[in-house]
Amino acid sequence: MNGYGGRILRVNLTSGLVKTEPLDPRFAREWIGGRGFAARLLYDEVKRGANPLGEENKVIIASGPLSGVLVPAGAKVAFAAKSPATGGYGESNMGGHFSPEMKYAGYDVIIIEGTAPQPSYLFIEDDKVEIRNAQKYWGKGCLTSEKMLKSDLGEKFQILTIGPAGENLVRFACISHDFGRQAGRTGIGAVFGSKKLKAIAIKGTEAIPVANVKEATRLGKEMFKQIFDNPALKQWQDYGTPGVVNWANEIEAFPTRNFQSEYFEHHKNLSGQLMRDRIVTSDKACFGCPMSCGKYSHTRKTSKYKYNVWVEGPEYETIALCGGNCALPNIEDVAYANWICDELGIDTISSGAVIAFAMECFEKGIISDKDVGRKIRFGDVDSFAYLAKKIAYQKGIGKILARGTRDASKVLGPEAEKLAMQIKGLEISGYSFRNALAMALAYGTCDVGAHHNRAWAITYDIEVGRQKSEGKAAKVIFLQHVRPMFDMLGTCRLQWVELGFELANYPKILEAVTGFKYSLEELLKFSEKVWNLTRMFWVREIKGFGQTYDWPPERFFKVPPRKEKIFLTREIYDQLLREYYKLRGWNKNGIPTRKKLRELNLKFTMGDLPHKKIKLEIQVVGYIKEFFPGERFPLELENSLTIRDILRRLKAKEELVGMVTVNGEPRDKDYVPGDGDKIMFMAFAAGG
Amino acid sequence: MKIGINNSLCSGCRVCQLICALTCEKVNNPKKGRLEIVGHFPVPGGYEIKMTDECNQCGQCVRFCPMGALYGEDEE
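In structure tokens:
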């Protein structure tokens, strides 16, 4: 199949069975690839109510049609799972060389199911696929285990690993690749860990079939030439994303001390320019990328710095969250913090946010040195390293912090809850938005929780006026369709964002590669469809999901130090949200309407809408049947009720029911059944 | 054109391998490229470019190397 690897690889770690399925061209035409494939397969394959860290969750790894072909940075792969961090739609996008390698091995998608009986890794060399014992790598850091696997299997394998944090189910554990690229967000590393999957090693040797090689090569070369001629290229090659550190401070959007302020007094010590001079040793690019935004760094042990580490990065987000947000005052400290997170296998964004949260809790007396085991403070890299290790190994205070800010703050009490800088359970990434209304909305409505990359709307705020609301909801929606379109194609968006690359390039080359003809409008419509599907995933998984989940923490409505006033108020945000929902065709509670779902051909999700009546079939087994209306009976009631609610409706005593199965699968009483489900209530096995 | 190599500039993007395979073999498969990129990570970092004997020095890789790690020695 042109442009595709042509196969789906399904690996069941419980049974040890591995099978390949052909990729259906109609499926490919409709869901394109990457994020599209991942979102649809996750929706279909992970059962409602699945425990994110249970056997029933799955990881969908999906490449895209432009990965591995001659386009700038055709390198992106999507990882999707039900998120252990948020309980909703989890996805993380990663560059490097894994996505192309999947296609050279002939796979567009890898589906990981079940739980292995022992630490395992997946070995893939073209058609040869094996689940292998990973005991010798278990417990090792991400970078260490990648190096070991490369030594054991060969340099040419592309490798994914998790670190101790993933093994120990830290809810913001990441997946690491290529010594410094990560699928960082939403805790998919913990899903690997729960499945006892330490690593995946893949090598492919086959060509990707291309519909019109001559035309695709011509268009690809043209795209590269356009980039070579761009005057901004050199800046990107030299500084990468850290090039924006100074700017983020100038516009006062730099997360500082757990978002207490938006300007970091030491930011000049963290800038891309200074970083290049002080610690960068070489440039490191994703597959096919002329921009090489990856920087490889080495911090030397000196009298001032006690560490000697090699690390890819730090990238802007790491500098913002581990630097400004934890107030680390120089780039060497940030590089060290970056290396610790990378080796332990925790997302640098959430880690910076969680550690800053702990530092502020300490400062405010919510936790003490007795709870923590030592004094901790902003600006101290040793405090950072200490907490990172506690988190990764779930020791002491780390046991609480490993849940992420939302759930950790619930344990620590209402004062701590005010300090949890998250939306939907995902920590806010590197752009503060008290004076950037479009960016506020972008974070609030992002489909995985507070992440910047679906709509980096802050530049639009600056362009049209930060205080203005008009047009911002529409702009955020437009961006939320464009950027995820790149994630579907399996290619990077930075060429468009940073070098002003024409979007019109993409449908043309996509046609030359796949033979599928799309207009740009059609591609964006598919992107809208995926956006609505992921929204429905939240609606399906989280009881009572709605607009309250789209609000930022209270702190963002308060004036920070150094500022006289801010533009973000609750009233304005409420207006923005309403406009956003209206333009999206969602109801006032932020739930897609039936009309919108029909329009987007997402009718299959309608059964998951709230408040629709559902029909259940109830069966009662054992002596408890006398407490129910019958032994077997149909029941019609509104949607979104838990098993517990249903028992109450039936006026049956909850404690009489020892076991519940839904469609044959054992479920707990918080499970929410759906239309057509067969529920069986059983007494505890009668002892006699 | 005689192709020169400056390993310290290589970013490991592998465009050279892909463009070589497309030019010389007419297939979208960088593994068929007539040069190899070897990474040296995590320590000390950096890449090494290795030309194979089959390289005909056509210079397409030089034209598309974004970092100047491959260059035409005649042009220097």
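Going down the list, the sequences are from chains E and X.
1 is the number of the first residue of the first sequence in the numbering used here; add one for each residue after it.
1 is the number of the first residue of the second sequence in the numbering used here; add one for each residue after it.
Glycine included, every Cβ here is placed at the ideal spot set by N, Cα and C.
Given the structure is predicted, the values throughout are model-derived calculations rather than measurements.
Is it buried or exposed for residue i, if we count other Cβ within 10 angstroms and need 16 for buried?
{"i": "E:LEU23", "result": "buried"}
{"i": "X:ASP74", "result": "exposed"}
{"i": "E:GLU91", "result": "buried"}
{"i": "E:TYR4", "result": "buried"}
{"i": "E:PRO117", "result": "exposed"}
{"i": "E:GLU631", "result": "exposed"}
{"i": "E:PHE684", "result": "exposed"}
{"i": "X:SER8", "result": "exposed"}
{"i": "E:ARG598", "result": "exposed"}
{"i": "E:VAL109", "result": "buried"}
{"i": "E:ALA420", "result": "buried"}
{"i": "E:PHE228", "result": "exposed"}
{"i": "E:GLY465", "result": "exposed"}
{"i": "E:GLY163", "result": "buried"}
{"i": "E:ARG584", "result": "buried"}
{"i": "E:PHE37", "result": "buried"}
{"i": "E:VAL411", "result": "exposed"}
{"i": "E:PHE633", "result": "exposed"}
{"i": "E:SER368", "result": "exposed"}
Counting along the chain, where does the beta strand (DSSP E) carrying residue i start and finish?
{"i": "E:PHE681", "result": "678-682"}
{"i": "E:GLU146", "result": "Segment 142-153 is the alpha helix (DSSP H) holding E:GLU146; no beta strand (DSSP E) there."}
{"i": "X:THR52", "result": "Per DSSP, X:THR52 belongs to no beta strand (DSSP E) and is neither H nor E."}
{"i": "E:GLU638", "result": "632-638"}
{"i": "E:SER689", "result": "Chain E is shown only over 1 to 688; residue 689 of chain E falls outside these bounds and no answer can be derived."}
{"i": "E:HIS177", "result": "175-177"}
{"i": "E:HIS298", "result": "294-299"}
{"i": "X:LEU70", "result": "70-72"}
{"i": "E:LYS128", "result": "128-133"}
{"i": "E:GLN182", "result": "181-183"}
Look at the Cβ atom of residue i, then the Cβ atom of residue j, and state whether they are nearer than 8 Å.
{"i": "E:SER120", "j": "E:LEU197", "result": "yes"}
{"i": "E:GLY33", "j": "E:GLY515", "result": "no"}
{"i": "E:VAL46", "j": "E:ILE509", "result": "no"}
{"i": "E:GLU507", "j": "X:CYS13", "result": "According to the sequence as given, residue 507 of chain E is Pro; it is not Glu. Taking 8 Å as the Cβ cut-off, E:PRO507 and X:CYS13 do not qualify as a contacting pair."}
{"i": "E:ALA134", "j": "E:LEU160", "result": "no"}
{"i": "E:LEU731", "j": "E:VAL539", "result": "The shown model of chain E, from 1 to 688, leaves out residue 731 of chain E, and the question about it has no answer."}
{"i": "E:LEU520", "j": "E:VAL476", "result": "no"}
{"i": "E:VAL354", "j": "E:LEU401", "result": "yes"}
{"i": "X:VAL38", "j": "E:TRP310", "result": "no"}
{"i": "E:THR445", "j": "E:TYR580", "result": "yes"}
{"i": "E:VAL657", "j": "E:PRO673", "result": "no"}
{"i": "E:CYS286", "j": "E:GLY95", "result": "yes"}
{"i": "E:GLY313", "j": "E:SER350", "result": "no"}
{"i": "E:LYS651", "j": "E:GLU636", "result": "no"}
{"i": "E:ARG171", "j": "E:GLY154", "result": "no"}
{"i": "E:SER99", "j": "E:LYS76", "result": "yes"}
{"i": "X:MET51", "j": "X:ILE3", "result": "yes"}
{"i": "E:LEU524", "j": "E:MET488", "result": "no"}
Strictly below 7 Å CB to CB, what residues from chain B border residue i?
{"i": "E:ALA285", "result": "Among the protein chains of the structure shown, namely E and X, there is no chain B."}
Applying a beta-carbon distance threshold of less than 9 Å, which residues of chain E neighbour residue i?
{"i": "X:MET67", "result": "GLN237, ASP283, ALA285, PRO290, SER292"}
{"i": "X:VAL62", "result": "Under the 9 Å cutoff, chain E gives no residues; its nearest Cβ is about 12 Å from X:VAL62."}
{"i": "X:GLY46", "result": "THR281, SER282, LYS284, TYR296"}
Terminal residues of the continuous alpha helix (DSSP H) containing residue i?
{"i": "E:TRP496", "result": "494-499"}
{"i": "E:ARG406", "result": "405-412"}
{"i": "E:HIS451", "result": "Unbroken run through E:HIS451: none, as it is neither H nor E."}
{"i": "E:GLN575", "result": "570-584"}
{"i": "E:ARG644", "result": "643-649"}
{"i": "E:ASP461", "result": "458-464"}
{"i": "E:GLU343", "result": "331-344"}
Going along chain E in order, which residues have a C-beta closer than 7 Å to the C-beta of residue i?
{"i": "X:ASN56", "result": "What X:ASN56 touches in chain E: nothing, since even the nearest Cβ is about 18 Å away."}
Which residues in chain X have a C-beta closer than 9 Å to the C-beta of residue i? List them in chain order.
{"i": "E:VAL217", "result": "The sequence given here places Thr at residue 217 of chain E; Val does not occur at that position. Simply ILE19, LEU22, THR23, LYS26, ASN28."}
{"i": "E:TRP310", "result": "PHE41, PRO42, VAL43, PRO44, GLY45"}
{"i": "E:LYS424", "result": "None at all; the shortest Cβ gap to chain X is about 34 Å."}
Could you work out which residues of chain E lie near residue i, taking near to mean beta carbons separated by less than 8 Å?
{"i": "X:VAL38", "result": "GLU155"}
Below 8 Å on C-beta distance, what does residue i contact in chain X?
{"i": "E:ASN208", "result": "Just to set this straight, residue 208 of chain E is Ile in the shown sequence, not Asn. Under the 8 Å cutoff, chain X gives ASN28, ASN29."}
{"i": "E:VAL213", "result": "LEU22, LYS26, VAL27, ASN28"}
Just to make sure I have the definition right: I need the residues of chain X whose C-beta is within less than 7 Å of the C-beta of residue i. Which are they?
{"i": "E:THR205", "result": "LYS31"}
{"i": "E:TYR104", "result": "ASN29, LYS31"}
{"i": "E:PHE224", "result": "PHE64"}
{"i": "E:PHE433", "result": "Chain X residues near E:PHE433: none, gap ~33 Å exceeds 7 Å."}
How do the stretch 50-68 of chain E and the stretch 545-564 of chain E stand: do at least 3 beta-carbon pairs fall below 8 Å, yes or no?
no
Just checking, does the stretch 295-302 of chain E make contact with the stretch 273-284 of chain E on the three C-beta pairs under 8 Å criterion?
yes
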